[in-house]
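Protein chains: 2
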Amino acid sequence: MERRGAGKRRYHHGALRESLVEEAQRLLAEKGTAGFSMHELARRVGVSAAAPYRHFESRGALLGAVAARGYERLLLMLGESLGEGDDPVHDLKLFGLCYMRFAEESPELFEVMFTDRGRGRADEAQRASFAPMTGLVAQAQQAGGMPASVPAEQIARFLWAAAHGLTLLHLGGGFAAVGLDGTAEALVDSAWSALLAQPPGRGGPAV
Amino acid sequence: MERRGAGKRRYHHGALRESLVEEAQRLLAEKGTAGFSMHELARRVGVSAAAPYRHFESRGALLGAVAARGYERLLLMLGESLGEGDDPVHDLKLFGLCYMRFAEESPELFEVMFTDRGRGRADEAQRASFAPMTGLVAQAQQAGGMPASVPAEQIARFLWAAAHGLTLLHLGGGFAAVGLDGTAEALVDSAWSALLAQPPGRGGPAV
DNA sequence: CGCTCCATGTGGATGACATTAACATCCGCA
DNA sequence: TGCGGATGTTAATGTCATCCACATGGAGCG
């Protein structure tokens with residue numbers, strides 16, 4: 001009840017929507033996706049349990065907003081990590097690294113982002129964070145750092161999937177369960193080695 | 208013991224544990240992980256809401272058992288799909304394909320299997336389904352179908368992650384959101400192409 | 001054959017949750 | 001100044017997970 005230190009308790013919060021999304025991130029990080037509840041969120045923000053429904057249709061919608069926020073942050077991080085390099089192959093690696101770091105930093109947020117079956121702006125955001133990869137791959141192909149025999153989009157999609165899978169197995173303890181593990185850096189490194197090491201002879205379609 | 212079709216209602220179910228796990232899979236497939244509830248499960252099996260707790264410590268434990276069942280099935284499928292081939296590289300591809308097919312067939316089960324943060328025999332099962340890959344990679348390396356400059360386990364881990372990521376993005380609509388999509392087969396194919404296509408010049412560590 | 005015991009079920013709490021409905025406030029605008 | 005809708009509040013409703021005390025009945029013992 002002690003909102004605003006000055007003792008003035010306003011009936012109207014004034015910036016509930018925003019506060020909700022922010023606090024939701026914290027609550028999520030604390031309790032995990034499963035432990036997250038509207039009731040507790042409202043409690044923390046100092047508002048009644050029904051109030052959030054004036055701003056979000058449902059718990060899912062609220063989480064959708066949180067996910068959107070997450071995508072914004074991810075995009076920001078990706079942008080920062082890339083900016084300067086002029087080696088697209090290197091940038092692609094940084095991309096993967098950044099992806100993993102983000103997930104490592106806020107696993108629950110990451111989960112919400114990719115779990116949000118309920119649609120939202122999520123698709124758009126996902127597209128936005130994927131787009132740069134295709135560009136980088138194309139650059140790499142032109143620079144001769146990557147095989148041009150496969151469409152850039154296809155390679156990009158594969159790289160994305162690899163980063164995604166690496167990330168999830170890492171977070172979920174999949175690698176540990178199998179007796180392998182390591183930091184995000186080590187994982188991306190090893191993935192990249194596996195990827196760039198060339199099959200001998202010809203790259204024939206053994207399949 | 209199965210349902211006495213016309214007979215009397217037995218106070219003791221006789222095979223509750225088993226029935227629960229079975230029905231849970233159906234319920235899960237129907238309602239999804241989030242929609243799954245102990246109450247409804249009990250209702251469907253024709254038993255009181257408390258009964259399941261005689262057999263499982265918690266909802267999580269029940270789901271853990273379902274996950275274990277899932278791993279069994281996955282292992283079976285993997286075993287079947289591999290059996291005959293003598294080309295390890297091809298087998299690896301089949302492995303990925305099988306993985307995706309399984310997930311496509313029972314997305315909720317798949318989710319439960321890899322979401323089960325609560326531990327259980329899951330680790331063991333995961334290890335078991337991963338193990339064959341390392342072997343196949345090693346074979347492929349010896350046969351010259353894969354670069355030997357990288358440890359087999361590392362490559363296997365990477366392939367696993369790739370398959371996992373491909374699967375999740377496929378299921379979650381990630382690819383569709385980005386304007387790319389396709390069947391499991393097409394996805395694995397394209398991933399494999401991307402993987403096997405050789406970088407030109409030298410495979411130097413650009414990074 | 002009858003009796004007792006324990007695993008397995010039953011009913012009925014408890015406390016949390018998501019979501020809604022009906023009512024209260026108050027901000028901004030005519 | 002006064003009013004209407006946006007934003008909050010309280011008080012349900014119905015579902016959930018889980019627990020407790022009691023019921024049942026099959027298995028083994030006498």
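Sequence order for the protein chains is A and B.
Take 1 as the starting number for the first sequence in the working numbering and just add one per residue.
Take 208 as the starting number for the second sequence in the working numbering and just add one per residue.
The beta carbon of each residue, even a glycine, is placed where N, CA and C say it ideally should be.
All of these numbers come straight from a predicted model, not from anything done at the bench.
As assigned by DSSP and simplified to three states, the class of residue 387 of chain B | coil
State yes or no: is the beta carbon of residue 302 of chain B nearer than 8 Å to at least one beta carbon in chain A?
-> no
For residue 131 of chain A, the nearest candidate out of A/65, A/154, A/111 and A/109 (CA to CA) = A/154
Residue 86 of chain A versus chain B: which residues are under 8 Å apart at the beta carbon?
-> Here the premise fails: no neighbours, minimum Cβ distance about 12 Å.
Spatial neighbours of residue 192 of chain A within its chain, please: CB distance less than 6 Å, with the 5 preceding and 5 following residues excluded, ordered by chain position.
-> 93
For a contact meaning CB atoms closer than 8 Å, what does residue 127 of chain A contact in chain B?
-> 384, 385 and 386
Please report the residue range of the alpha helix (DSSP H) in which residue 143 of chain A lies.
-> No alpha helix (DSSP H) contains residue 143 of chain A, which DSSP labels as neither H nor E.
Reduced DSSP secondary structure (H/G/I, E/B, other) of residue 91 of chain A | helix
Within 10 angstroms of its Cβ, does residue 390 of chain B collect 16 or more other Cβ (buried), or is it exposed?
-> exposed
How about residue 352 of chain B and residue 296 of chain B: are their beta carbons less than 8 Å apart?
-> yes
Taking just the CA atoms, how far does residue 14 of chain A sit from residue 369 of chain B?
-> 46 Å
Who are the near neighbours of residue 336 of chain B in its chain, counting only those whose CB is closer than 8 Å to its CB and skipping five residues on each side?
-> 278, 281, 282 and 285
Hey, does residue 360 of chain B have any beta-carbon neighbour from chain A nearer than 8 Å?
-> yes
From residue 292 of chain B to residue 33 of chain A, what distance separates their C-alpha atoms?
-> 43 Å
Give the straight-line distance between the Cα atoms of residue 168 of chain A and residue 151 of chain A, rounded to the nearest whole angstrom.
-> 26 Å
CA nearest to the CA of residue 178 of chain A, picked from B/315, B/349, B/387 and B/330 = B/330
Reference residue 340 of chain B, options B/319, B/364, B/294 and B/251, closest by Cα = B/364
How would you list, in chain order, the residues of chain B whose beta-carbon sits under 9 Å from the beta-carbon of residue 44 of chain A?
-> Ordered by position in chain B, no residue passes the 9 Å Cβ test against residue 44 of chain A, which lies about 23 Å from the chain.
C-alpha distance - residue 39 of chain A paired with residue 321 of chain B, whole-angstrom precision = 28 Å
From the beta carbon of residue 379 of chain B, is the nearest beta carbon of chain A less than 8 Å away?
-> yes
On the three-state DSSP scale, how would you describe residue 58 of chain A?
-> coil
Spatial distance of residue 139 of chain A from residue 100 of chain A (CA atoms) = 23 Å
Neighbour-count burial assignment, residue 48 of chain A, 16 or more Cβ in a 10 Å radius = exposed
Note down, in chain order, every chain A residue with its Cβ under 7 Å from the Cβ of residue 263 of chain B.
-> By Cβ distance, chain A contributes nothing, its closest Cβ being about 17 Å from residue 263 of chain B, past 7 Å.
Tell me whether residue 357 of chain B sits in a helix, a strand or coil according to DSSP, three-state version.
-> coil
Would a C-beta distance cut-off of 8 Å place residue 272 of chain B and residue 263 of chain B closer than the cut-off?
-> yes
Three-state secondary structure (DSSP) at residue 185 of chain A?
-> helix
For a contact meaning CB atoms closer than 9 Å, what does residue 368 of chain B contact in chain A?
-> 161, 162, 163, 164, 165, 166, 167, 168, 169, 170, 174, 175, 187 and 191
C-beta neighbour in chain B for residue 157 of chain A, strict 8 Å = yes
Mind checking which residues open and close the alpha helix (DSSP H) that includes residue 34 of chain A?
-> 16 to 35
Express the C-alpha separation of residue 318 of chain B and residue 248 of chain B in angstroms, rounding to a whole number.
-> 18 Å
Drop a sphere of 10 angstroms on the beta-carbon of residue 67 of chain A, count the other beta-carbons inside from all chains shown, and report buried for 16 or more, exposed for fewer.
-> buried
Report yes if the C-beta distance between residue 235 of chain B and residue 287 of chain B is below 8 Å; otherwise report no.
-> no
Can you name the start and end residues of the alpha helix (DSSP H) that residue 107 of chain A belongs to?
-> 107 to 115
Within the 8 Å Cβ cut-off, does residue 195 of chain A reach chain B?
-> yes
State yes or no: is the beta carbon of residue 357 of chain B nearer than 8 Å to at least one beta carbon in chain A?
-> yes
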